[in-house]
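One structure is given below, encoded as structure tokens.
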Amino acid sequence: MGFDRTGQAEAFDAIGHRYDQAFPHKEGQVAAAEWLIKSLPPASRVLDLGCGTGIPTARQFAEAGLGVVGVDLSGAMVALAREHVPTGVFHQADIADLRPGGPRDLGRFDAVTAFFSLLMLPRAEIPLALRTIHRVLRPGGLFALSMVEADVDDFSIPFIGTTIRVSGYLREELREVVEAAGFDIVEESSYSYAPATADVPPEVQIFLRCGRRA
Ligand SMILES: C[S@@+](CC[C@H](N)C(=O)[O-])C[C@H]1O[C@@H](n2cnc3c(N)ncnc32)[C@H](O)[C@@H]1O
Numbered sequence: 373m374g375f376d377r378t379g380q381a382e383a384f385d386a387i388g389h390r391y392d393q394a395f396p397h398k399e400g401q402v403a404a405a406e407w408l409i410k411s412l413p414p415a416s417r418v419l420d421l422g423c424g425t426g427i428p429t430a431r432q433f434a435e436a437g438l439g440v441v442g443v444d445l446s447g448a449m450v451a452l453a454r455e456h457v458p459t460g461v462f463h464q465a466d467i468a469d470l471r472p473g474g475p476r477d478l479g480r481f482d483a484v485t486a487f488f489s490l491l492m493l494p495r496a497e498i499p500l501a502l503r504t505i506h507r508v509l510r511p512g513g514l515f516a517l518s519m520v521e522a523d524v525d526d527f528s529i530p531f532i533g534t535t536i537r538v539s540g541y542l543r544e545e546l547r548e549v550v551e552a553a554g555f556d557i558v559e560e561s562s563y564s565y566a567p568a569t570a571d572v573p574p575e576v577q578i579f580l581r582c583g584r585r586a
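As numbered in the working numbering, residues 373 to 586 make up the sequence shown, in order.
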């Protein structure tokens, strides 16, 4: 199976810590991670897919005493995450590497987060990424997802001085795709978000809190 990642890691390598400056308000994301922290037994293992700089999510988990594993395609993002969250374990890897039968096996997790990272995949790959998350979760495990609401597939947009390709769904379709991968959606929320940078347009962010169906 071939995965086209042309330019995606390079864009985030170039963005580095400017990412956190462009997206300073992360109330929805922080609240979703707090839901996981409250719902999980102490010392649970959490996987943060597309962890970026490690702020705020991986740091939140580490400060709550959870075992954090982060995965990101960008070497610069992984380096920042290691600096920001010294107790976390971070791998420079592709989400697709974790697929069933793929080259990376990180074991099983009590929870998975994918905040604005599955939108970096072409639509054709998103169901596989969701099935991968289902597979790495223990039965009854929890999953928090955020996406930007948009009817686009592998669409190039200007982003913090560079260009990235993104995909998205309108919310009804997003729900269908997530449920079809074996998740029950227990809560949905959305936020209108204006990033603190002129070259990223205002967006509607959708957060889904999910449980793994057996
Ligand atoms: C929009 S940022 C979100 C970062 C972080 N989750 C947050 O919300 O602050 C997307 C992240 O996904 C990473 N990424 C893009 N494609 C990926 C892939 N195929 N596998 C793993 N990470 C990927 C990027 O390098 C970037 O750090």
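Ideal Cβ placement from N, Cα and C applies to all residues, glycine included.
C-alpha distance - residue i paired with residue j, whole-angstrom precision
i, j, result
"V440", "V461", "6 Å"
"A496", "R476", "21 Å"
"R390", "L412", "32 Å"
"D392", "S518", "16 Å"
"D571", "F395", "12 Å"
"P428", "A553", "27 Å"
"G512", "R431", "24 Å"
"S528", "E544", "23 Å"
"S562", "T378", "30 Å"
"V576", "S489", "15 Å"
"K410", "T459", "20 Å"
"P494", "D526", "5 Å"
"E548", "E455", "37 Å"
Beta-carbon proximity of residue i to residue j, cut-off 9 Å
i, j, result
"F384", "G424", "yes"
"G533", "V520", "no"
"D420", "G442", "yes"
"G422", "M492", "yes"
"F481", "L509", "yes"
"T485", "F515", "yes"
Given residue i as reference, the closest of the options once Cα atoms are compared
i, options, result
"L546", "L419, L514, L502", "L502"
"I467", "G513, Q380, A415, T569", "Q380"
"V558", "W407, K398, P414, A386", "W407"
"I498", "S528, V550, T535", "V550"
"T569", "K410, I578, P530", "P530"
"G426", "K398, K410, P414", "K398"
"G325", "L490, D526, L500", "For the chain, the structure presents residues 373 to 586; residue 325 sits outside this window and is missing."
Supposed close pair residue i, residue j - CB separation, criterion 8 Å
i, j, result
"V560", "L542", "A small fix is needed here, since residue 560 is Glu in this sequence, not Val. No, E560 and L542 are not in contact; Cβ-Cβ is about 13 Å, not under 8 Å."
"G388", "A448", "5 Å"
"V402", "A434", "With a Cβ gap of about 14 Å, V402 and A434 do not count as contacting."
"L470", "T504", "5 Å"
Cβ shell of residue i (< 6 Å), same chain only, five flanking positions each side left out
i, result
"R507", "P472"
"V450", "D444, F462, Q464"
"S416", "L438, D482"
"S446", "A381, F384, D385"
"I655", "In the structure displayed, the chain extends from 373 to 586; residue 655 sits before or after that span and is not available."
Close-in-space but distant-in-sequence residues of the same chain around residue i (CB under 7 Å, 5 per side omitted)
i, result
"P574", "S564, Y565, A566"
"D556", "C582, G583, R585"
"V524", "V538, S539, G540"
"I414", "Per the sequence presented here, residue 414 reads as Pro, with Ile not at that position. Excluding positions up to five away in sequence, the list reads G437."
"A522", "G540"
Cut-off 8 Å between Cβ atoms - residues of its own chain near residue i, not counting five sequence neighbours on either side
i, result
"A405", "P428, T429, Q432, F433, T485, A516"
"V418", "L408, L412, F433, L438, G439, V440, V441, F481, D482, A483, V484, T485"
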